[in-house]
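Asks: So the sequences go chain by chain: A and B.
Using the working numbering, read the first sequence as starting at 972 and increasing by one per residue.
Using the working numbering, read the second sequence as starting at 6 and increasing by one per residue.
Quick reminder that beta carbons are idealized off the backbone N, C-alpha and C, glycines included.
A quick note: this is a predicted structure, and the numbers were derived from the prediction, not measured.
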Amino acid sequence: MIETQKLTKSYGKDRGIIDLNLKIESGEIFGFIGPNGAGKSTTIRTLLGLIFPTSGSGSIFGLDIVKNTKDIKKQIGYMPAEVNYYYKMDVKELLDYSADFYDMDCRSRIEELADIFALDLDRKILDLSRGNQKKVAILQSLIHQPKLLILDEPTTGLDPLMRAKFFDILREENSRGTTIFFSSHTLSEVQKLCRRVGIIKEGRIIAVEDIETLRKKQLRIVQIEFPHTVKNDEIDCPGVIDPSANLNSLNFMFSGEMDTLLKALAEKEIKDLIIEEPTLEEIFMHYYEDKSEEERD
Amino acid sequence: MLNKNIYLRELKHHRTSLIIWGLSLIVLIWLDMAFYPILMKDDFMSQISVLFENPFLKGLMSAFGATLDGFTNVLGFYTARNTMFILLLGSFFSILLAGKILSQEEHEKTAEFLLTKPVTRFEVVWSKMAAFFSLLLTLNIVILITGFISIEIFKGDSEYRLAAFLIHTFYCFLLMLTFGAVGLFLSLWIKRGRPTTNISIGIILGGYFIDAASKITPALDKIGYLSPFKFVDSSVLSPDYGLMWWRLLYFLGISLLLFTLTFIIYKKKDILI
Chain A
972 MIETQKLTKS YGKDRGIIDL NLKIESGEIF GFIGPNGAGK STTIRTLLGL
1022 IFPTSGSGSI FGLDIVKNTK DIKKQIGYMP AEVNYYYKMD VKELLDYSAD
1072 FYDMDCRSRI EELADIFALD LDRKILDLSR GNQKKVAILQ SLIHQPKLLI
1122 LDEPTTGLDP LMRAKFFDIL REENSRGTTI FFSSHTLSEV QKLCRRVGII
1172 KEGRIIAVED IETLRKKQLR IVQIEFPHTV KNDEIDCPGV IDPSANLNSL
1222 NFMFSGEMDT LLKALAEKEI KDLIIEEPTL EEIFMHYYED KSEEERD
Chain B
6 MLNKNIYLRE LKHHRTSLII WGLSLIVLIW LDMAFYPILM KDDFMSQISV
56 LFENPFLKGL MSAFGATLDG FTNVLGFYTA RNTMFILLLG SFFSILLAGK
106 ILSQEEHEKT AEFLLTKPVT RFEVVWSKMA AFFSLLLTLN IVILITGFIS
156 IEIFKGDSEY RLAAFLIHTF YCFLLMLTFG AVGLFLSLWI KRGRPTTNIS
206 IGIILGGYFI DAASKITPAL DKIGYLSPFK FVDSSVLSPD YGLMWWRLLY
256 FLGISLLLFT LTFIIYKKKD ILI
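1) Any beta carbon from chain B within less than 8 Å of aspartate 1061/A's own beta carbon?
2) By Cβ distance below 7 Å, which residues in the same chain neighbour leucine 1129/A in space, the five residues on each side in sequence not counted?
3) Helix, strand or coil for proline 42/B, going by three-state DSSP, please let me know.
4) Should arginine 14/B be flagged as near chain A, meaning a C-beta pair shorter than 8 Å?
5) Kindly give me the distance between the Cβ atoms of tyrosine 1068/A and asparagine 10/B, rounded to whole angstroms, as I take these residues to be in contact under 8 Å.
6) Select from the stretch 1064-1076 of chain A all residues with a C-beta closer than 8 Å to any C-beta belonging to chain B, and list them in chain order.
7) Just to confirm, is the Cβ distance from leucine 167/B to alanine 103/B under 8 Å?
8) Assign glutamate 111/B to one of two classes, buried (16 or more other C-beta atoms within 10 Å of its C-beta) or exposed (fewer than that).
9) Could you have a look at lysine 227/B and say whether DSSP puts it in helix, strand or coil?
10) Hey, would you say isoleucine 1254/A sits closer than 8 Å to leucine 1185/A, going by beta carbons?
11) Can you tell which of Met1224/A, Leu1244/A, Arg1175/A and Pro1051/A has its C-alpha closest to the C-alpha of proline 1006/A?
12) Return the first residue and the last residue of the alpha helix (DSSP H) that methionine 181/B is part of.
13) For chain A, is any of its Cβ atoms less than 8 Å away from the one on proline 200/B?
14) From this set, Met1229/A, Ala1052/A, Asn1203/A and Phe1032/A, which residue's C-alpha is nearest threonine 1127/A's C-alpha?
15) Shorter than 8 Å from the beta carbon of isoleucine 989/A to some beta carbon of chain B?
16) Could you give the residue range of the beta strand (DSSP E) that holds glutamine 1194/A?
17) Just list the beta strand (DSSP E) runs in the stretch 1193-1245 of chain A, keeping only unbroken ones of 3 residues or longer that don't cross its boundaries, in chain order.
18) What do you get for glutamine 1111/A, buried or exposed, if any count of 16 or more other CB atoms within 10 angstroms of its CB means buried?
19) Could you give the DSSP three-state label for arginine 1167/A: helix, strand or coil?
20) Any beta carbon from chain B within less than 8 Å of isoleucine 1022/A's own beta carbon?
21) Nearer than 7 Å: is that true of the beta carbon of phenylalanine 214/B relative to any heavy atom of the ligand FAD?
22) According to DSSP, is valine 1179/A helix, strand or coil?
23) Specify, as a first and last residue, the run of the beta strand (DSSP E) that methionine 1050/A falls within.
24) To the nearest angstrom, how far is it from the Cα of arginine 1267/A to the Cα of histidine 1257/A?
25) Mark valine 32/B as exposed unless 16 or more other C-beta atoms lie within 10 angstroms of its C-beta, in which case mark it buried.
26) What are the residues that DSSP puts in a beta bridge with glutamate 1253/A?
27) Between the stretch 1142-1155 of chain A and the stretch 1118-1126 of chain A, do at least 3 Cβ pairs fall closer than 8 Å?
28) Does any residue of chain B bring its CB to less than 8 Å from the CB of lysine 977/A?
29) Kindly give me the distance between the Cβ atoms of serine 99/B and leucine 141/B, rounded to whole angstroms, as I take these residues to be in contact under 8 Å.
30) So if DSSP puts glutamate 1247/A in a beta bridge, which residue, or which two residues, is it bridged to?
31) Under a three-way DSSP split, which group does isoleucine 1114/A fall into?
32) Does the distance from the C-beta atom of isoleucine 989/A to that of threonine 979/A stay below 8 Å?
33) For serine 1146/A, count neighbouring Cβ atoms within 10 angstroms of its own Cβ and tell me buried if that reaches 16, exposed if not.
34) So that I know if they touch, is there some Cβ in chain B lying closer than 8 Å to that of lysine 1106/A?
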């Protein structure tokens, strides 16, 4: 569906994206994760032909992103991170303007979606709150029933209720076969929706993983409370990562044989013990730090 | 080629501006022509002929294209008096409109919306250029009709050649078109589509004063050709007044060149938002 080969974009001195290789399958929901400024928006804008690659190439639906951009965009719905629309228009005018670019009648879909998101079509864009502008962007990206949705940090500014509705709509679209490219800086958000994630950092893809694989890295968060004050090296056991002691308690991440850890703990006097599965965020942070340390070496 | 959707939106978006500029020109032309019968009555001209005897004032008057003979003929009067309004206001309208019709999308960041729709860059430029051309043409038709009617109403006994009036109006249109091409081309180079208002006004006023100076002092005659205003032929009373190929070539050549460059540059331009 989307494929890039060594896609590179640099703006003068600034790093944009470097040698990006991505392959997104038809029908999947792909999470594109990275901190602000990592190159997520640059990637998306290059894919959409707003900016042109410095080198490398990319294709969507098998069509070249530079040469066939018009044909590609017929089948794409795009939702930008920052919503900037013609502020003098009212919502209906903007959606009609948007719909007129596609050869189909979108009126019933506009009504239907406006209902779901409780969006007043007669308001001026200028008078809308950020959250409501975001809703207009959601509608605008969906009304022409695209085959591919490209969403750039789509949930910022949406309240939890709308976020839930939005995710329902995305699942529904996906079950109809729509491929979704979901860019975000929060992994926990993406983990609800995506099957695979690509992690981008400083313009480079550092990993593409199944969400399940990430989970199965067997990373655990361990919190132990002792009857006495402890130091960082209280537990001597392979697999203990980043131990941090604070008076009577010791926290660390653990990635190793659980049996070994329990045997090591059995020798100690312990008041309380919590072992839990980390959120993807924590796995990701951990994973991330490792990668950047490797790079530094 | 032409995206109807973009074209119609631009017409709608700029119609208020067109109406304001159009009405201003109608009022100015009309009020000014209403003076013509007053000046012709009571032998007023013989009184102001003193003005033309003073060398300094004569020069000043000629800077605005006025000569004593010219003033007494209705078309001469129309050209001498109204050319300033028409050329200046029309050129401002043109350069300002063209300067924002494309770049405003970047400045207001709506380019991200527009350019992610199924349109090519070529279609965007072409549709916007067509809208600009339609708006400018409409303004010029308004000028033509107002000019014609006001001349007919206020001319009294004075005779004039209709062809000369039409040709002069056409020259004015070509000048505005050329400034439009300059404005559009200029807007491509301003980062993130910031307005080109100041530099545009500078270009028009600069051009106007260079032309005016060249008319006052014969020594500056050649320098006048730096200004597009110089290429508008206002000698409407001359018997062989007509369209001159080198003037047409100048206006159409510059416009065509800049419009073509606009297509080429915008096609490859990174839209930064």
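Replies: Well, looking at it:
1) no
2) Gly1102, Lys1105 and Phe1137
3) helix
4) yes
5) 7 Å
6) Tyr1068, Ser1069, Asp1071, Phe1072 and Tyr1073
7) no
8) buried
9) coil
10) yes
11) Arg1175/A
12) 167-192
13) no
14) Ala1052/A
15) no
16) 1191-1196
17) 1211-1217 and 1220-1225
18) buried
19) strand
20) yes
21) In terms of ligand content, the structure shown is empty, and the ligand FAD therefore cannot be addressed.
22) strand
23) 1047-1050
24) Note that arginine 1267/A scores a pLDDT of 46, beneath 50, so its modelled location is shaky and nothing firm can be said.
25) exposed
26) None; glutamate 1253/A has no bridge partner.
27) yes
28) no
29) 6 Å
30) Ile1192/A
31) coil
32) yes
33) exposed
34) no
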